[in-house]
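Enquirer: Chains A and B supply the protein sequences, listed in that same order.
The numbers in the numbering used here rise by one with no breaks, and the one at position 95 of the first sequence is 95.
Heads up: take any position in the second sequence, counting from 1, add 139, and you land on the numbering used here.
Pasting a structure here, questions to come.
Number of protein chains: 2
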Amino acid sequence: MDSIVHILKQNNLSVTEGRRKILSLFLNSNGALAHADIEKNTDGHFDRVTVYRTLQSFVDKGIIHTIPTSDNSIKYALCKNDCWEGHHHDHHVHLVCTRCGNTLCLDDVVTPTVKLPREYTIQQVEVVVKGVCKSCNHL
Amino acid sequence: MDSIVHILKQNNLSVTEGRRKILSLFLNSNGALAHADIEKNTDGHFDRVTVYRTLQSFVDKGIIHTIPTSDNSIKYALCKNDCWEGHHHDHHVHLVCTRCGNTLCLDDVVTPTVKLPREYTIQQVEVVVKGVCKSCNHL
DNA sequence: AAATATTTGCAACAACGTTTCTTTTTTTAT
DNA sequence: ATAAAAAAAGAAACGTTGTTGCAAATATTT
Ligand SMILES: [Mn+2]
Ligand SMILES: [Mn+2]
Ligand SMILES: [Zn+2]
Ligand SMILES: [Zn+2]
Numbered sequence: 001m002d003s004i005v006h007i008l009k010q011n012n013l014s015v016t017e018g019r020r021k022i023l024s025l026f027l028n029s030n031g032a033l034a035h036a037d038i039e040k041n042t043d044g045h046f047d048r049v050t051v052y053r054t055l056q057s058f059v060d061k062g063i064i065h066t067i068p069t070s071d072n073s074i075k076y077a078l079c080k081n082d083c084w085e086g087h088h089h090d091h092h093v094h095l096v097c098t099r100c101g102n103t104l105c106l107d108d109v110v111t112p113t114v115k116l117p118r119e120y121t122i123q124q125v126e127v128v129v130k131g132v133c134k135s136c137n138h139l
Numbered sequence: 140m141d142s143i144v145h146i147l148k149q150n151n152l153s154v155t156e157g158r159r160k161i162l163s164l165f166l167n168s169n170g171a172l173a174h175a176d177i178e179k180n181t182d183g184h185f186d187r188v189t190v191y192r193t194l195q196s197f198v199d200k201g202i203i204h205t206i207p208t209s210d211n212s213i214k215y216a217l218c219k220n221d222c223w224e225g226h227h228h229d230h231h232v233h234l235v236c237t238r239c240g241n242t243l244c245l246d247d248v249v250t251p252t253v254k255l256p257r258e259y260t261i262q263q264v265e266v267v268v269k270g271v272c273k274s275c276n277h278l
């Protein structure tokens, strides 16, 4: 069976054209996608609301995770670890390339530990690196 | 001379009521402020556009810095290091308290070093910790 | 194939942010 | 202190982003 359909069924999501298409965009992209990227790559074929809802349901199910950016926009990328409904485990560093603008998951770079004064409690650490990505460095 | 006026003059900003008020909000706040917080604390006394422009000019001058958040909103906080026009040096960790919602600069917690594969170049590392702040922990 | 459950698109709306232009305020020069 | 010049504020209009409620369309189950 189509792996896209498989993922959707595994997550108890009914298989619709929009979900298939949007999931395939993530599977075929090496970087993170913003809502706008999806609208662009689907040529306005789906309503804005549908895209929002699809992204939200994918996040809820643990299929994709969000990446915070400093420019007030959310990016989304595939979860490659064992995330599931309500439990994300994406403890890796993200890179925003200042040359090509892409946002990448550095799946092998584990979030460094941060030591805070005793009075604070740490629940989650997000690390976003601004720099130059592999392919831009090789130009 | 008033320290607020002093800061503005030092940065070649003309001294206006809006800038004085907004800068004083930052000086009297222990956490970061969002645009909305400023509007609230000035009681609609200044036009939205003026607030945006003031925040932007403060960032440009190195008086305040932005803090990325995962909820798609920008927060601003005073620069305490030696930042100047076009050169920010705020290499500290930020904490978003999941209890009170405040965003704090942990000025003494230096951004940890991140080691990336040789093919990448690091320009800047942003660390945002989600957790519980000092005062919320003492309740 | 029909019944049921789920998703979609539409419309209307709200929040956020930007641009342009005129008026007001601040600074500088006299 | 006053006038001229420069800078900032305010107002209006607009664009983008994201949300909600509901009817129509589509997918799933029986
Ligand atoms: Mn990631
Ligand atoms: Mn800070
Ligand atoms: Zn790149
Ligand atoms: Zn707190």
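Where is the CB? At the ideal position from N, CA and C, for every residue including glycine.
1) Check whether the Cβ atoms of V253 (chain B) and V264 (chain B) sit closer than 9 Å, and answer yes or no.
2) For the beta strand (DSSP E) containing E265 (chain B), name the first residue and the last one.
3) Taking only the alpha-carbon atoms, compute the straight-line gap between I86 (chain B) and R257 (chain B) and give it to the nearest angstrom.
4) Any heavy atom of ligand 3 closer than 8 Å to the Cβ of G101 (chain A)?
5) If you measure between the beta carbons of R19 (chain A) and L8 (chain A), is that distance less than 9 Å?
6) Using a Cβ-Cβ distance under 9 Å, would I74 (chain A) count as near chain B?
7) Within the segment 143 to 176 of chain B, note down every full alpha helix (DSSP H) run reaching 4 residues or more, in order along the chain.
8) When you compare each of A:Y52, A:T111, A:E85, A:V127 to P207 (chain B) by their alpha carbons, which one comes out closest?
9) Classify L104 (chain A) as buried or exposed, calling it buried when 16 or more other Cβ atoms lie within 10 Å of its own Cβ.
10) I'd like the span of the alpha helix (DSSP H) that includes D199 (chain B), first residue to last.
11) For D246 (chain B), which residues of its own chain have a beta-carbon under 6 Å away from its beta-carbon, when the five flanking residues on both sides are left out?
12) Are three or more beta carbon pairs between the segment 58 to 65 of chain A and the segment 190 to 210 of chain B nearer than 8 Å?
Expert: Considering the structure as presented:
1) Yes; because the gap between Cβ atoms is below 9 Å, this pair is in contact.
2) For E265 (chain B), the uninterrupted beta strand (DSSP E) run begins and ends at 260 to 271, by DSSP.
3) Outside the displayed range of chain B (140 to 278) lies residue 86 (chain B), so it cannot be described from this structure.
4) True, at least one ligand heavy atom lies under 8 Å from that Cβ.
5) Contact: yes.
6) Closer than 9 Å: yes.
7) Secondary structure within the segment 143 to 176 of chain B: the alpha helix (DSSP H) runs of 4 or more consecutive residues, fully enclosed, are 156 to 167 (chain order).
8) Proximity to P207 (chain B) across A:Y52, A:T111, A:E85, A:V127 peaks at A:V127, based on C-alpha coordinates.
9) L104 (chain A) is buried by the Cβ-count criterion.
10) Segment 187 to 200, the alpha helix (DSSP H) holding D199 (chain B).
11) Excluding residues within five positions, the ones whose Cβ falls inside 6 Å are K219, H231.
12) The segment 58 to 65 of chain A vs the segment 190 to 210 of chain B: no contact.
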